Amino acid sequence: MDNIKNITITEENTKTYDIVFDTDYTPLPDMVKELAPKADKILIVSDSNVAKIYLDEVKALFDLKVYTFVFNAGEANKNEETLKEIINALYEAKFSRSDVILSLGGGVVSDMTGFAASIYMRGIKHVICPTTLLSMADASVGAKTAIDYNGKKNLIGAFYNPSLIYMNLSTLKSLPSREYYAGFAEIMKAGLIKDDKYYMWLIDNMYEICEKDPETVAKMLYTAINIKKAVVEKDLYETTGERMLLNLGHTIGHGIESVLNDEYIHGECVSLGCVAAAYISSKLNYIDSDVYYEIRDMFVPFYLPISIETDKIDEIINAVYYDKKNALGKIRMVLLNRIGDAFVYDDVSEELVREALDELNFKEEG
Ligand SMILES: NC(=O)c1ccc[n+]([C@@H]2O[C@H](COP(=O)([O-])OP(=O)(O)OC[C@H]3O[C@@H](n4cnc5c(N)ncnc54)[C@H](O)[C@@H]3O)[C@@H](O)[C@H]2O)c1
């Protein structure tokens, strides 16, 4: 951790928020005081798993009036009912705009709490304490907040900057392995879209990453976040197309996630989506088939899926069509020119998406 500095996210060269790397929560209350000097209340929102491990510890640190809201863990609760309960908790406790709401948990907590923060009194300060690899590397950074609606991922949301992201890297110790590796998919994605050297570094440090070696994990996160920072600062509100690159693996990935959500978690769907995008890139002759196989096989040592077994391909294709990133009914996807260089391709044919899904779909003869 010694050579890892904080990262600052800027908008038009003005600081919007810091991302702090630490290994415990001790300095957090002073930082919150500095950014919200008039606050006399804080609402900590967490999910049932994270609350069990960290809520008491975090609660005890603040000398503000501390309120808590805990919901049942899982994507299925990232919905309008839980959102309404968060808003209600703020309302019942008479929170004002000078008070603070704090997310303690993974991307489900911060996406939903961030959205609540953006709409309560037209905006209240939001501090994110991410506790999953995925939320540290990706979900907490870049101001996207949302809830799912009618089974559609992230349909209702807003761009809303947090006031602070405070990462206590020690929380990764309690993260279940499956969740840790799912987070790794977004990290591989960062290398694939922007930085071939980082991608190679990830492969070279595979053992240390899998063992959660603290120095290696801190370095890994530091670079992944800086890649995301460079992209979002160029295109904060997803208007120029640059930010769309972060969706590598997400078009087909979200389609799979909508239909097979009982089987796969978000990061696993990103892994499958990246494999499909690499396959399509090779079929359109942007990368060689060898490079496709190399990309596909690199997810395996990190325990990420590279195949599915389903008879719901049509449903997945429908879900891909529905994806809100698609312009005018065309399937718009992020593809690869090479490892470390992604681009947006506006018109992938349905046949090619089907072929990529068939390539993923592995059915044992029985
Ligand atoms: N806003 C964005 O830019 C963005 C980017 C990527 C993903 N996302 C969203 O993030 C969500 C996925 O986030 P996630 O993978 O963090 O899922 P999550 O928040 O559901 O957390 C995963 C699981 O790990 C548990 N957990 C979390 N931290 C723990 C810890 N330290 N120890 C033990 N258990 C812990 C949680 O209770 C949960 O069961 C999805 O909803 C996705 O759409 C948002």
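Oh and the sequence shown: position 14 is 32 in this note's numbering, straight run, nothing missing.
Glycine is no exception: its CB is placed at the ideal position from the N, C-alpha and C atoms.
Note that the coordinates shown come from a computational prediction; the quantities given were computed from them, not determined experimentally.
The region 155 to 163 and the region 189 to 196 do not touch, with fewer than three beta-carbon pairs separated by less than 8 Å. A straight line joining the alpha-carbon of Lys-215 with that of Leu-46 spans about 34 Å. Taking the CA atoms as reference points, Leu-101 sits about 7 Å from Met-130.
With fewer than 16 other Cβ atoms from the protein chains shown falling within 10 Å of its own Cβ, Val-318 counts as exposed.
Ser-121 has Val-63 and Ile-146 as its beta-bridge partners, per DSSP. When the five nearest sequence neighbours on each side are left out, the beta carbons in the same chain lying within less than 6 Å of the beta carbon of Ala-208 are those of Ala-242 and Ile-245, in order along the chain.
With a cutoff of 8 Å on beta-carbon distance, Val-362 and Gly-259 are scored as near each other.
In this structure, Ser-325 and Leu-378 form a Cβ contact; the two beta carbons are roughly 5 Å apart against a cut-off of 8 Å. In this structure the region 172 to 183 touches the region 35 to 42; the number of beta carbon pairs closer than 8 Å is three or more. In the three-state DSSP reduction, Glu-30 falls in the coil class, being neither helix nor strand. In this structure Asn-179 is buried. Its beta-carbon is surrounded by 16 or more other beta-carbon atoms within 10 angstroms.
Shortest gap from the CB of Asp-129 to any heavy atom of ligand 1: under 7 Å. Inter-residue distance for Ala-176 and Ser-136 is about 7 Å (C-alpha atoms, whole angstroms). At the C-beta level, Ile-313 and Leu-370 stay beyond 8 Å of one another.
Of the residues assessed, Gly-92 falls on the exposed side of the cut-off, its CB having fewer than 16 other CB atoms within 10 angstroms. The criterion of a C-beta distance shorter than 8 Å is not satisfied by Leu-187 and Ala-155. About 6 Å separates the beta carbon of Leu-254 from that of Glu-29, a gap short enough to meet the 8 Å contact definition. The alpha-carbon of Ile-60 is positioned some 12 Å away from that of Ala-78.
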